[in-house]
Amino acid sequence: MLQHGHEPLRVEEVVLRAGVAKGTFFVHFKDKDELLDLLIGAQMHLILDRMVSRVPPQTVDELVTRLIPMVQLLGSERCVFDVVLRRSGSAALSDIGPIASALGRLQSTVSEWLKVGQYRQDTPAELLAEGVEAFMLQVPALNFCALSPRKSMKARLQAYLRAWLVVPT
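Right, here's the structure in full:
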């Protein structure tokens, strides 16, 4: 999608494929990351639309099943993951792009789910949701790390969220 072979696409390749001049690209985007923010953010919002269209997940296993399409997108390509990390926060409200907006929406959605499901209630749902988002980023990070044993993203996320969201009995 965003790579040519193992190398990320360069602006020159993007404009060549689009059939536009390089100057035209920069009229619309300040750099390649801004274009990728738009494309990746749109995909994230589509996944969120599907996530929220069903009843809230009640258990960790249901939550993982609901979240895994987003984790798979985040871990689909190294350049996607890198752009998400760079664009996930913003210095000013006016700088919030599609990726940061989608992550904010994700955190808000997960927070609401955690208030009504079979999850720990001894910690504010907003804090738990921040941890869920952190684990969603940690899972693909470990998949890209050569020193990390290869595990499925679903199994890794399940282990993290069970430890984070379930109080041992």
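Numbering (this note's numbering), first residue to last: 969 to 1137. Just so it is clear, CB atoms sit at the ideal spot from N, CA and C, and this is done for glycine as well. From a predicted model like this one, the values you see are computed outputs, not experimental measurements.
Report all residues from its chain with a CB closer than 7 Å to the CB of residue i; omit the five preceding and five following residues, and keep chain order.
i	result
S1056	I1067, A1068, L1071
A1131	none
H972	Annotation note: pLDDT 47 at H972 (below 50); position unreliable, coordinate value reported separately. These residues qualify, in order along the chain: E981.
I1015	P1037, M1038, L1041
L984	none
So residue i and residue j are supposed to be a Cβ contact under 8 Å. How far apart are they, rounded?
i	j	result
L1082	A1102	No, L1082 and A1102 are not in contact; Cβ-Cβ is about 14 Å, not under 8 Å.
L1125	S1116	The Cβ separation is near 14 Å, so there is no contact.
Ordered along the chain, which non-local residues of its own chain (more than five positions away) have a Cβ less than 8 Å from that of residue i?
i	result
M1012	M1038, L1041, P1066, I1067, A1070, L1071, L1074
D1001	V1051, R1054, R1055
Y1128	F1103, Q1106, V1107
E1080	P1024, A1093
With distances taken Cα to Cα, identify the nearest neighbour of residue i among the options.
i	options	result
A1093	Q1106, F1049, K1119, T1077	T1077
G1138	Q1089, L1031, I1064, V1023	This structure does not reach residue 1138, given that the chain is present from 969 up to 1137, and the question cannot be answered.
G1085	L1031, L1115, C1047, S1120	L1031
L1003	A1114, L1133, C1047	C1047
E1045	C1113, T1091, D1090, A1127	C1113
T1091	K998, L1007, L1133	L1133
D1005	A1123, F1049, T1137	F1049
For residue i, which residues of its own chain have a beta-carbon under 6 Å away from its beta-carbon, when the five flanking residues on both sides are left out?
i	result
R1034	M1019, P1025
M969	Reliability of the predicted coordinates at M969 is poor, the pLDDT of 48 falling under 50, and no value is obtained from them.
S1021	none
Taking Cβ to Cβ, would you say residue i is nearer than 8 Å to residue j?
i	j	result
V1028	R1088	no
M1121	V1107	yes
Next on the checklist: As an exercise, report each continuous alpha helix (DSSP H) stretch of at least 4 residues that is fully enclosed by the segment 1034-1100, in chain order.
Outcome noted: 1046-1055, 1066-1084
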